[in-house]
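The structure appears right after this line, and notes come after that.
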Amino acid sequence: VARDVALVAAIRKAIGPEPRIRVDANQGYRTWREALGAIERMAEHDIVYAEQPVDGVEEMAEIAARTRVPLMADESAWTERDVVRIAFHKAAQYLSVYYTKPGGLWRAKRLLTVAGAHRMLADINGSGEMGIGNAANLQLAAAAPEIVLPGTIPVTSTAETVRTKIAGHKYLDDIVTEPFVYEGGALVVPDGPGLGITVDEAKLAKYGVAV
Numbered sequence: 422v423a424r425d426v427a428l429v430a431a432i433r434k435a436i437g438p439e440p441r442i443r444v445d446a447n448q449g450y451r452t453w454r455e456a457l458g459a460i461e462r463m464a465e466h467d468i469v470y471a472e473q474p475v476d477g478v479e480e481m482a483e484i485a486a487r488t489r490v491p492l493m494a495d496e497s498a499w500t501e502r503d504v505v506r507i508a509f510h511k512a513a514q515y516l517s518v519y520y521t522k523p524g525g526l527w528r529a530k531r532l533l534t535v536a537g538a539h540r541m542l543a544d545i546n547g548s549g550e551m552g553i554g555n556a557a558n559l560q561l562a563a564a565a566p567e568i569v570l571p572g573t574i575p576v577t578s579t580a581e582t583v584r585t586k587i588a589g590h591k592y593l594d595d596i597v598t599e600p601f602v603y604e605g606g607a608l609v610v611p612d613g614p615g616l617g618i619t620v621d622e623a624k625l626a627k628y629g630v631a632v
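According to the numbering used here, the stretch in the sequence shown is residues 422 to 632, in order.
In structure tokens:
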């Protein structure tokens with residue numbers, strides 16, 4: 422806990438008062454009491470919300486009842502039923518959603534619709550996808566009015582360009598023909614047919630592994 426708080430304090434000191442800081446423990450705290458203590462100390466450095474501090478909806482609810490810092494559910498929200506349970510227990514105000522988690526775009530959109538019915542806001546997250554997955558998440562965000570919070574989609578680029586080698590760059594190359602456009606602090610949603618991207622067949626052949 423002390424290290425986590427020190428990191429948040431150091432980041433706030435380095436970036437100043439205006440940029441927003443969100444924290445994500447990925448269920449890392451052992452108990453809700455430990456998580457609550459960490460969140461309350463981080464709140465002194467102006468965090469906007471805390472994502473999935475502990476495992477379990479009931480444990481999240483214990484924290485939510487005792488802090489003014491909004492909570493976001495990620496690992497607790499895989500299905501529509503999970504979202505209803507989170508809302509019933511008042512365990513989180515926000516959801517983190519990405520198309521891979523519930524099993525595709527249609528299911529992710531249904532999850533977001535249920536969240537909206539319970540007046541929960543959401544962001545689009547990611548799990549290290551390459552260009553095809555990034556495009557899917559962007560199209561999901563564009564189609565879902567519940568998505569109003571800043572997301573953490575990684576920005577991938579092709580080897581031929583360094584245009585978007587920022588904001589979560591994870592790969593040296595990508596299998597789409599064009600890099601994603603990053604303007605004014607946001608990714609631009611591709612506007613072509615389907616997901617809006619074109620797959621580079623030559624790179625598929627180059628990087629593909631037979632199984």
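Don't be surprised by glycine CBs; every beta carbon is placed ideally from N, CA and C.
From a predicted model like this one, the values you see are computed outputs, not experimental measurements.
Same chain, Cβ closer than 7 Å to V569, neighbours up to 5 away in sequence not counted: Taking the first residue of the sequence shown as 1, we reach residue 569 at position 148. Excluding positions up to five away in sequence, the list reads L542.
Is any heavy atom in the ligand NAD found nearer than 7 Å to the beta carbon of R540? Inclusion of the ligand NAD in the displayed structure is not the case, the ligand content being empty and no account of it being possible.
For T582, the nearest candidate out of I574, P575, E439 and L593 (CA to CA): In the sequence shown, residue 582 corresponds to position 161, counting from 1. Taking only the C-alpha atoms, the option nearest T582 is L593.
Would you kindly work out how many angstroms separate the C-alpha atoms of A435 and V478, rounded to a whole number? Taking the sequence shown and counting its residues from 1, the one referred to as residue 435 is at position 14. Taking the sequence shown and counting its residues from 1, the one referred to as residue 478 is at position 57. Distance between the alpha carbons of A435 and V478 is about 34 Å.
If you run the structure through DSSP and keep just helix, strand and coil, what is L593? Mapped onto the sequence shown, residue 593 falls at position 172. Of the three classes helix, strand and coil, the one that applies to L593 here is coil, per DSSP.
Would you mind stating whether V576 and L616 have Cβ atoms separated by less than 8 Å? Taking the first residue of the sequence shown as position 1, residue 576 is located at position 155. Taking the first residue of the sequence shown as position 1, residue 616 is located at position 195. The answer is no: Cβ separation not under 8 Å.
Look at the alpha carbon of A562 and the alpha carbon of K530, and state the distance between them as a whole number of angstroms. In the sequence shown, the residue the question calls residue 562 occupies position 141. In the sequence shown, the residue the question calls residue 530 occupies position 109. Straight-line Cα distance between these residues: approximately 9 Å.
Less than 8 Å between the CB atoms is what I'm expecting for I442 and I468, so what's the real figure, rounded? Within the sequence shown, the letter at position 21 stands for residue 442. Within the sequence shown, the letter at position 47 stands for residue 468. At roughly 5 Å, the Cβ-Cβ gap stays under 8 Å, so I442 and I468 are in contact.
Between which two residues does the alpha helix (DSSP H) containing Y454 stretch? The sequence position of residue 454 within the sequence shown is 33, counting from 1. Note that residue 454 is Arg in the sequence shown, not Tyr. Unbroken alpha helix (DSSP H) run through R454: W453 to A464.
Tell me the rounded alpha-carbon separation between D445 and E599. Within the sequence shown, numbered from 1, the residue matching residue 445 stands at position 24. Within the sequence shown, numbered from 1, the residue matching residue 599 stands at position 178. Between D445 and E599, the C-alpha separation is close to 31 Å.
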